[in-house]
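A.B. asks: Here it is, the structure, as C-alpha cells.
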Amino acid sequence: MAEIGEPALRNPHAVAIQFRYAFVCDAEGVKVLDVTDLARPRRTGTEIRVTEAENIYLSRTYAYVAAGSHGLLILDIQDPERPKLDQTWREVSELPDTRDVKLGMTNNSLFAYVADGRNGMRVLQLLSPDQTPGISGFSPRPTPRLIATYRTTGPALAVSKGLDRDRAVDESGNQLAVFGRRGSRPLDRPEMDLLYLRDGKTWTVDSQPASAPRAFRKGD
25 MAEIGEPALR NPHAVAIQFR YAFVCDAEGV KVLDVTDLAR PRRTGTEIRV TEAENIYLSR
85 TYAYVAAGSH GLLILDIQDP ERPKLDQTWR EVSELPDTRD VKLGMTNNSL FAYVADGRNG
145 MRVLQLLSPD QTPGISGFSP RPTPRLIATY RTTGPALAVS KGLDRDRAVD ESGNQLAVFG
205 RRGSRPLDRP EMDLLYLRDG KTWTVDSQPA SAPRAFRKGD
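Going by our numbering, the first residue of the sequence shown is number 25, and it counts up by one from there.
Below is the structure:
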C-alpha cells in the first residue's frame, strides 16, 4: 500500500471510496485520488476548496460534505476526476456547525442525517416524490429541505451508518450483488479487478465507434 502525504494532502482526516476513486477531506478541502491500483494511487489534481471539510458521504453521482460553518455542500461527482460544487445548504442559521452526514432512504424519499455540532441532529429530505423533478431517474438532483431537529445533550459530532440492504438491484429489479445473506459473500479484490482491468490497464468504453459500421448482410 502506497502513502500519499504532503504536499498532495494536508492533514487528511476523512475518506470515502466509490468504485475506482477515493474522495479525501483534508485541511484544504476535498481532493480526489484514482485508486485503481492501490499500490500507486494517482492524484487527479482537481479539488473543491473549503476550509472546514469535516466528513464526506457518496451517493451515486453526488457527494455530501459536512463543512462546518459552511453548512452541507453537495458536489456533482458524475465525472469523478472533475467534481464541482452543485449547491450549498446553509440558509440563515441552519446547519452552522456541520460535523458529519449520512444518507438513508425510506420508501421513495432520500434523507440526510446531519450532526450539526452544538445544535444537535438535523434531518434533511433530499428527494421526495412531490418536490424533486425526475425523482424516478437514476440520480435526480437533490432538493434539500430541513424537516426535523433533535437537540442533543452535548454536541452532535458523528452519525453512525445504517445497515445496507442485503442485496443490490438495478432499476429493473435484476440482482447485481449480495452483501450479507447466509451462504454468500462480497466480491474480493481480484474478482473486482476483472470487471474493469485488462492486462493491468483500465478497460473503458468509448461513445465514438472505432471504425465505420459494417454493411448489413442477410443472415448476420
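Where is the CB? At the ideal position from N, CA and C, for every residue including glycine.
1) Tell me which same chain residues have a C-beta within less than 6 Å of the C-beta of Val-59, skipping the five on either side of it?
2) Can you give the beta carbon distance from Ala-136 to Leu-96, rounded, assuming they're within the 8 Å contact cut?
3) For the candidate residues Phe-43, Ile-41, Lys-55, Gln-42, whose alpha-carbon lies nearest to that of Arg-34?
4) Between Ile-101 and Val-89, which are expected to be in contact by the criterion C-beta below 8 Å, what is the C-beta distance as a whole number of angstroms?
5) On the three-state DSSP scale, how would you describe Glu-215?
6) Tyr-86: which of Glu-78, Leu-99, Val-74, Ser-93 sits nearest, CA to CA?
7) Exposed or buried, which one is Thr-156 when buried takes at least 16 other CB atoms within 10 Å?
8) Indicate whether Leu-134 and Leu-151 have their beta-carbon atoms separated by less than 8 Å.
9) Taking 8 Å as the limit between beta carbons, can you name the residues of its chain near Asp-50, skipping five residues before and five after?
10) Would you mind listing the beta strand (DSSP E) stretches within the stretch 68 to 104 that are 3+ residues and don't spill past its ends, in chain order?
11) Quickly, what does DSSP pair Ile-41 with across the bridge? List them, please.
12) Can you have a look at Leu-82 and say buried or exposed, based on whether 16 or more other CB atoms are within 10 angstroms of its CB?
13) Give, in chain order, every unbroken run of the beta strand (DSSP E) that is at least 3 residues long and sits entirely within the stretch 106 to 140.
14) When you compare each of Asn-132, Glu-105, Leu-218, Gly-92 to Val-125 by their alpha carbons, which one comes out closest?
15) Among the residues of its own chain, which have a CB less than 7 Å from the CB of Arg-73, if the five just before and after it don't count?
16) Measure the C-alpha to C-alpha separation of Pro-104 and Ser-163 and round it to an integer number of angstroms.
17) Count the other CB atoms, across all protein chains shown, that sit within 10 Å of the CB of Val-229; report buried if there are 16 or more and exposed otherwise.
18) Taking its Cβ as the centre, do 16 or more other Cβ atoms sit within 10 Å of Arg-169, making it buried, or is it exposed?
C.D. replies: A quick look at the data gives this:
1) Ala-46, Pro-65
2) 7 Å
3) Lys-55
4) Not quite, the Cβ-Cβ distance comes to about 11 Å (not below 8 Å), so this is no contact.
5) helix
6) Comparing alpha-carbon positions, the option among Glu-78, Leu-99, Val-74, Ser-93 lying closest to Tyr-86 turns out to be Leu-99.
7) buried
8) yes
9) Leu-33, Arg-34, Asn-35, Pro-36, His-37, Ala-77
10) Taking only runs of at least 3 residues, the beta strand (DSSP E) segments lying wholly in the stretch 68 to 104 are 79 to 83, 86 to 90, 96 to 100.
11) Ala-46
12) buried
13) 108 to 113, 124 to 130, 133 to 139
14) Gly-92
15) Glu-52, Gly-53
16) 15 Å
17) Exposed, because fewer than 16 other Cβ atoms sit within 10 Å of the Cβ of Val-229.
18) The residue in question, Arg-169, is exposed, as its Cβ has fewer than 16 Cβ neighbours within 10 Å.
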